[in-house]
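The structure appears right after this line, and notes come after that.
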Amino acid sequence: MIEILYKDHHIAVCVKPVGTISEDAGMPTLLRQQLGGEAYCVHRLDTVVGGVMVYALTKKAASQLSAYIAGDMLTKEYLAVVEGIPTP
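For this note's numbering, count along the sequence shown from 1 and bump the result up by 236.
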């Protein structure tokens, strides 16, 4: 089951587990099964990492979120958790 942090009629903010694909048969399919409606990927996160992602639940929301991303009105933040001291 996908952890949903926030959901309304337009978007779902959820936690993508490590090893799960952001698009296509990955997260959108899992969200469709869990929520019973459409889910559109508007940004990606590599399969080998986990994190919080926003998915559109309508075509209109997908279009608006894509415009926000293209216009730099939506930003991503990355946090790396490491053990020890990384080699420069």
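Even for Gly, the Cβ is constructed at its ideal location relative to N, Cα and C.
This structure is a prediction, so every number in the text was calculated from the model and none was measured.
(message) Can you tell me whether K243 is helix, strand or coil according to DSSP?
(response) In the structure shown, K243 sits in a strand (DSSP, three-state: E or B).
(request) Measure the CB-CB distance between G287 and K252 and report whether it falls below 8 Å. (result) Against a cut-off of 8 Å, the Cβ pair of K252 and G287 comes out as a contact.
(request) Taking A292 as part of the beta strand (DSSP E), name the residues at either end of that continuous run. (result) Counted as a single uninterrupted DSSP element, the beta strand (DSSP E) harbouring A292 occupies residues 287 to 292.
(request) Within the same chain, show all residues whose beta-carbon is closer than 7 Å to that of S302, passing over the 5 residues directly before and after it, in chain order. (result) Take S302, set aside five residues on each side of it, and the residues of its chain with a beta-carbon closer than 7 Å to its own are V278, in chain order.
(message) Less than 8 Å between the C-beta atoms of R280 and S299, yes or no?
(response) No, the pair does not count as a contact, with Cβ atoms beyond the cut-off.
(request) Would you identify the three-state DSSP class for A303, choosing helix, strand or coil? (result) The three-state secondary structure of A303, taken from DSSP, is helix.
(message) Along the chain, where does the alpha helix (DSSP H) containing M263 start, and where does it finish?
(response) Looking at the DSSP string, the run of the alpha helix (DSSP H) that includes M263 is 263 to 271.
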